[in-house]
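Q: Numbering (the UniProt record's numbering), first residue to last: 1 to 253. Where a beta carbon is used, it is the ideal one built from N, C-alpha and C, also for glycine.
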């Protein structure tokens with residue numbers, strides 16, 4: 001015998017009339033399940049690396065970012081983490097910023113089109129420090145472009161504000177991500193990693209400043225990480241580090 005149910009309810013200030021055949025028990029249990037299982041939204045992490053530049057013919061960050069998606073598939077994506085775009089930028093101020101903003105804005109548009117419980121967004125920018133012996137989690141970027149050598153488009157600014165509207169070249173923007181805690185967590189996993197408050201004044205700092213400014217204006221988060229050359233820390237270890245960083249960010253942010 002089929003069971004018919006007709007009921008009225010008021011939820012969140014809205015009146016509902018429901019008429020169904022054998023669906024009321026499912027409807028009620030489904031609503032209780034959804035209401036009782038809502039947790040924090042997933043974290044979507046977008047990643048960038050850089051191509052070669054003067055003095056660095058093979059940029060390890062290009063390899064890391066290009067292979068990251070496949071590496072994470074094999075390793076297993078941590079719960080609550082979505083790996084978004086993985087893009088390689090030109091090692092050039094203006095050459096990097098244009099595609100960077102296209103990707104940043106695209107992610108924001110996707111976020112705005114989702115439900116109220118929309119995903120959190122984090123940007124990770126990987127750059128190489130050819131003289132480094134450890135990984136460095138960058139706390140901040142400075143509003144100054146002073147390139148020690150021409151970038152890949154031939155630009156070599158000296159003491160130029162990245163954003164003149166932000167004032168002096170001494171202006172600093174800091175990430176809202178808990179850098180110290182992330183560094184400690186990664187160190188406990190066995191990685192040689194430090195916290196840094198100096199991302200340089202080259203393209204890495206240039207991109208990071210743009211990203212931090214955009215993140216502050218759009219309710220997202222941004223982080224820059226410097227890595228050594230593969231001659232210093234091998235490729236497999238650096239891939240493991242990148243995967244661990246994603247996992248830690250999904251947990252702490």
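#1: Using a 10 Å radius around the Cβ and a threshold of 16 neighbouring Cβ atoms, would you call residue 94 buried or exposed?
#2: Taking the alpha carbon of residue 239 as the point to measure from, which residue in 64, 57 and 48 has its own alpha carbon closest?
#3: Just checking, does the segment 68 to 77 make contact with the segment 132 to 147 on the three C-beta pairs under 8 Å criterion?
#4: Give me, in chain order, the residues of the same chain whose beta-carbon lies closer than 8 Å to that of residue 167; leave out the 5 immediate sequence neighbours on both sides.
#5: Three or more C-beta pairs under 8 Å: does that hold for the segment 194 to 209 against the segment 233 to 247?
#6: Compare the Cα-Cα distances from residue 139 to each of 109, 221 and 158 and report the closest residue.
#7: Would you decide whether residue 180 is buried or exposed? Buried here means 16 or more other CB atoms lie within 10 Å of its CB.
#8: Assuming residue 83 is part of the alpha helix (DSSP H), what are its boundary residues?
#9: Enumerated in chain order, which unbroken segments of the beta strand (DSSP E) with a length of 3 residues or greater are wholly contained in the segment 131 to 199?
#10: Please report how far the alpha carbon of residue 120 lies from the alpha carbon of residue 66, in whole angstroms.
#11: So within the segment 47 to 85, which uninterrupted alpha helix (DSSP H) runs reach at least 4 residues, ignoring any that extend past its ends?
#12: DSSP state of residue 31, grouped into three classes?
#13: Starting from residue 126 and walking both ways along the beta strand (DSSP E), at which residues does that stretch end?
#14: Tell me whether residue 223 sits in a helix, a strand or coil according to DSSP, three-state version.
#15: What separation, rounded to the nearest whole angstrom, lies between the Cα atoms of residue 245 and residue 169?
#16: For residue 75, which residues from the same chain have a beta carbon less than 8 Å from its beta carbon, with the 5 sequence-adjacent residues on both sides left out?
#17: My guess is that residue 212 and residue 175 are in contact by the Cβ rule of under 8 Å, so how many angstroms apart are they, rounded?
#18: Considering only their Cβ atoms, is the gap separating residue 123 from residue 215 smaller than 9 Å?
#19: Residues in its own chain within less than 7 Å of residue 92 by CB, not counting five upstream and five downstream?
#20: Label residue 57 either buried or exposed according to how many other C-beta atoms from any shown protein chain fall within 10 Å of its C-beta, with 16 as the threshold for buried.
A: So, to answer that:
#1: Counting from one through the chain shown, the residue named residue 94 turns up at place 94. When all chains shown are included, residue 94 counts as exposed.
#2: Indexing the chain shown from 1 puts residue 239 at position 239. Ranking the options by Cα distance to residue 239, first place goes to 64.
#3: no
#4: Counting from 1 along the chain shown, the entry for residue 167 is found at position 167. These residues qualify, in order along the chain: 143 and 161.
#5: no
#6: As a working mapping, residue 139 is identified with position 139 in the chain shown. The option with the nearest alpha carbon to residue 139 is 221.
#7: As a working mapping, residue 180 is identified with position 180 in the chain shown. Exposed, because fewer than 16 other Cβ atoms sit within 10 Å of the Cβ of residue 180.
#8: Residue numbering aside, residue 83 sits at position 83 when the chain shown is read from its first letter. It is not in any alpha helix (DSSP H) - residue 83 instead sits in the beta strand (DSSP E) that spans 81 to 89.
#9: Runs of the beta strand (DSSP E) inside the segment 131 to 199: 135 to 138, 140 to 142, 172 to 174 and 193 to 196.
#10: To locate residue 120, count along the chain shown from 1; it is residue 120. To locate residue 66, count along the chain shown from 1; it is residue 66. Going from the Cα of residue 120 to the Cα of residue 66 covers about 23 Å.
#11: 60 to 75
#12: Start at 1 with the first residue of the chain shown, and residue 31 comes out as number 31. Note on residue 31: pLDDT 39, under 50, position unreliable in the model; no value is reported.
#13: Residue mapping note: residue 126 aligns to position 126 of the chain shown, counting from 1. Looking at the DSSP string, the run of the beta strand (DSSP E) that includes residue 126 is 120 to 128.
#14: Taking the first residue of the chain shown as position 1, residue 223 is located at position 223. Three-state DSSP puts residue 223 in a strand.
#15: By 1-based counting over the chain shown, the position of residue 245 is 245. By 1-based counting over the chain shown, the position of residue 169 is 169. Put simply, the backbone Cα of residue 245 is about 30 Å away from that of residue 169.
#16: Working through the chain shown from its first residue, we reach residue 75 at position 75. Excluding residues within five positions, the ones whose Cβ falls inside 8 Å are 243.
#17: The residue given as residue 212 occupies position 212 in the chain shown. The residue given as residue 175 occupies position 175 in the chain shown. Contact flag correct, Cβ pair sits at about 6 Å.
#18: Start at 1 with the first residue of the chain shown, and residue 215 comes out as number 215. Start at 1 with the first residue of the chain shown, and residue 123 comes out as number 123. The answer is yes: Cβ separation under 9 Å.
#19: Taking the first residue of the chain shown as position 1, residue 92 is located at position 92. The answer, listed in chain order, is 151, 152, 153, 155 and 203.
#20: Here residue 57 is taken as the residue at index 57 of the chain shown, counted from 1. Residue 57 is exposed by the Cβ-count criterion.
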